[in-house]
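Report on the following structure.
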Amino acid sequence: MAGVVMAAMAGVFTWQQFYALNQQFAREQADDLKHLRDISVRLFAVQNDHLHMQMRLLSDMPRVRSALSRKDALALQDAVAEVWPELNLGQGSLALLFLGPKQEVLGQWGTPDMPRLMRLARLAGQRQAPQFWVSCLAHCEHQAVLPVLDQGQVLGSVALVSGLENLVLDLRRLSNGEVAMLTGTRQAGGNPLSGLRLLSLSGGNGTRTTLDHAWRGHWQRATYLVRQENSGRVLQVAAVTPDVYGDGLLHFAVVSDVTPQVEAIDVAVWHNLAWGGGVLLASLLILYFMLRPAMRRIS
C-alpha cells in the first residue's frame, strides 16, 4: 500500500512539472508572437520613413518643383526621366505618380492603383502631411503620398509605390525563421490561416510542407507546432497580422525551429520520471529492510 501511495505521489509530481513546463512554453509562444507583431510594425515604420525620404528628395528637385508649380507635364517627364530607372531597378519602387492640386495626373511611371492614390493625395493635401497605405489584393504593395507645399499652398503631390520584398527579407533576418506572405480575410474559427491565400514564401518546399500542415491543423495556442517525421525537428508556425494602415488583407506566417525548447521539456520530463522512479525504488528498499526483521519474527 505504501508503494502505491509513493508511486502516485511521484506521478502527480511529474505531471505537475510537465504541466508547468508546457505552460511556460505556451507563454513563450505568446511572447514570440507579440515580438513578431512588434517587429513587423517597426519594419513598416522604417519603410514609411524610407518612402517619405525618397518622395522628399524627388519633390525638392528644382526642376520637379518648377514643373509642378507650372503644371508642366513635359518638363516633369524630363526632370524624372533619369531618376525613375534607379527607383525602379535599384530601390524596388513599383510606380511613381505626380498629381496636380486637383489630383490631375502630371506624370506617371509604372502602373499605380490610381483610385487609391487619388484618395490618398486628396487626404494628404487636406492634412498637409504624408499618407501611407498597405494594399494586398492580387499582390502586396506599400503606397505613400506626399503633398508638395509652397508657402502653405499645395502645388500638387508625389506618390510612390513600393513592394514588400525588402521588408520580408528584414523580417526573415530578425525573426531567424522563414517567412510566408499571405492575403485574404480570416475565417471564423481556431485556425488563423483559414481563408488566406499564399503569395510568396522563403525556404522552398520545406516551408510549404510545414504551412500545409498548419493550414489543416487545429490551433490550440497562439502558434502551431509541426514535428517533421524524417528529421525529428519541431517547427513553430506563427500567424502575424501587422497593425498598419491598409486594407487589412496582409498577413505573415513565420516558421521557426523550436526543437531545442521542445527537447528541453522532454528531457526535463524524463529526468523527473527517472528521479521519481529512483526515489520510489530507494524508498521501497529502505521500507523493505526496515520491515524485514518484523516480518521474520511474524513468520
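Basically my numbering = 1-based index in the sequence shown + 890. Beta carbons are placed, not taken as given, at the ideal position from N, Cα and C, and that holds for glycine.
Ala-935: buried (16+ other C-beta within 10 angstroms of its C-beta) or exposed? Ala-935 comes out exposed.
Identity of the residue in His-925, Ser-1047 and Leu-1125 nearest Val-995 by Cα: Ranking His-925, Ser-1047 and Leu-1125 by Cα distance to Val-995 puts Ser-1047 first.
Minimum C-alpha distance to Leu-989 - residue among Thr-1097, Val-973, Arg-1009 and Asn-978: Comparing Cα-Cα distances from Leu-989 to each of Thr-1097, Val-973, Arg-1009 and Asn-978, the minimum goes to Arg-1009.
Helix, strand or coil for Leu-1036? Go by DSSP, reduced to three states. Shown here, Leu-1036 sits in a strand according to DSSP, grouped into three states.
Kindly give me the distance between the Cβ atoms of Ala-1070 and Leu-1101, rounded to whole angstroms, as I take these residues to be in contact under 8 Å. With a Cβ gap of about 6 Å, Ala-1070 and Leu-1101 count as contacting.
Taking only the alpha-carbon atoms, compute the straight-line gap between Val-1116 and Cys-1026 and give it to the nearest angstrom. Those two C-alpha atoms are separated by around 28 Å.
Do the stretch 1009-1025 and the stretch 1105-1125 meet, that is, are 3 or more Cβ pairs less than 8 Å apart? Too few Cβ pairs lie closer than 8 Å, so no.
Can you check which of these residues, Leu-1061, Asn-1120, Ser-1065 and Leu-987, is closest to Ala-963 by C-alpha distance? The candidate whose alpha carbon is nearest that of Ala-963 is Leu-987.
Taking 8 Å as the cut-off, decide whether the C-beta atoms of Gln-914 and Gln-1126 are in contact. Inclusion of Gln-914 and Gln-1126 in the CB contact set at 8 Å is not warranted, their separation being larger than that value.
Nonlocal neighbours in the same chain, by C-beta distance under 6 Å from Arg-953, ignoring five residues either side: Answer for Arg-953: Ala-969, listed in chain order.
Should Asp-939 be labelled buried (16 or more other beta-carbon atoms within 10 Å of its own) or exposed? For Asp-939, the number of other beta carbons within 10 angstroms of its own is below 16, and it is reported as exposed.
Status (buried if at least 16 other CB within 10 Å, exposed otherwise) for Gln-1041: Gln-1041 counts as exposed, since fewer than 16 other beta carbons sit within 10 angstroms of its beta carbon.
Just the Cα atoms here: how many angstroms apart are Glu-1153 and Val-1124? Straight-line Cα distance between these residues: approximately 9 Å.
Figure out for me which residue from Arg-1006, Gly-1085 and Gly-1093 has the closest Cα to the Cα of Tyr-1135. Measuring from the Cα of Tyr-1135, the nearest candidate turns out to be Arg-1006.
Taking 8 Å as the cut-off, decide whether the C-beta atoms of Ser-1065 and Gly-982 are in contact. No, the pair does not count as a contact, with Cβ atoms beyond the cut-off.
What residue range is occupied by the uninterrupted beta strand (DSSP E) comprising His-1108? Neither: His-1108 is in no beta strand (DSSP E) and is coded neither H nor E.
Going by beta-carbon coordinates alone, are Leu-1036 and Ala-1014 separated by less than 8 Å? Result yes, Cβ atoms of Leu-1036 and Ala-1014 sit closer than 8 Å.
Boundaries of the beta strand (DSSP E) in which Gln-1021 is found, first to last residue: 1021-1026 is the span of the beta strand (DSSP E), which, as asked, contains Gln-1021.
By alpha-carbon positions, which one of Met-951, Asp-1133 and Pro-1132 ends up nearest to Val-1038? Considering only alpha carbons, the answer is Met-951.
Return the first residue and the last residue of the alpha helix (DSSP H) that Leu-1139 is part of. Counting along the chain, Leu-1139 falls outside any alpha helix (DSSP H), and DSSP gives it neither H nor E.
Asp-1060 and Leu-933 look like a contact to me (Cβ under 8 Å); what is the Cβ gap, rounded to whole Å? About 5 Å; that satisfies the 8 Å criterion.
Since I believe Leu-1072 is in contact with Arg-1062 (beta carbons under 8 Å), could you give me their beta-carbon distance rounded to a whole number of angstroms? That belief does not hold up - the Cβ atoms of Arg-1062 and Leu-1072 are roughly 15 Å apart, past 8 Å.
Are the beta-carbon atoms belonging to Gln-967 and Gly-997 less than 8 Å from one another? Against a cut-off of 8 Å, the Cβ pair of Gly-997 and Gln-967 comes out as a contact.
Of all the CB atoms in chain B, is at least one closer than 8 Å to the CB of Gln-981? Of the protein chains in the structure, only one exists, and it is not chain B.
Cβ pair Ser-1092, Glu-1119 closer than 8 Å: No Cβ-Cβ contact shorter than 8 Å links Ser-1092 with Glu-1119.
Sub-8 Å separation of Arg-1098 and Gly-1085 beta-carbons: No.
Do you know offhand how far Ala-1195's Cα is from His-942's? Because residue 1195 is not part of the residues shown, which for the chain are 891 to 1189, the question remains open.
Which same chain residues end up closer than 8 Å to Asp-1147 when comparing Cβ atoms and leaving out the 5 residues on each side of it in sequence? Taken in chain order, the residues that qualify are Gly-1067, Arg-1123, Val-1124, Leu-1125 and Gln-1126.
As a quick exercise: from Ala-1011, Asp-1003, Leu-979 and Val-931, pick the residue whose alpha carbon is nearest that of Gln-993. Closest by alpha carbon: Ala-1011.
For Glu-972 and Asp-1137, I'd like the C-alpha separation in whole angstroms. Rounded to the nearest angstrom, the gap between the Cα atoms of Glu-972 and Asp-1137 is 33 Å.
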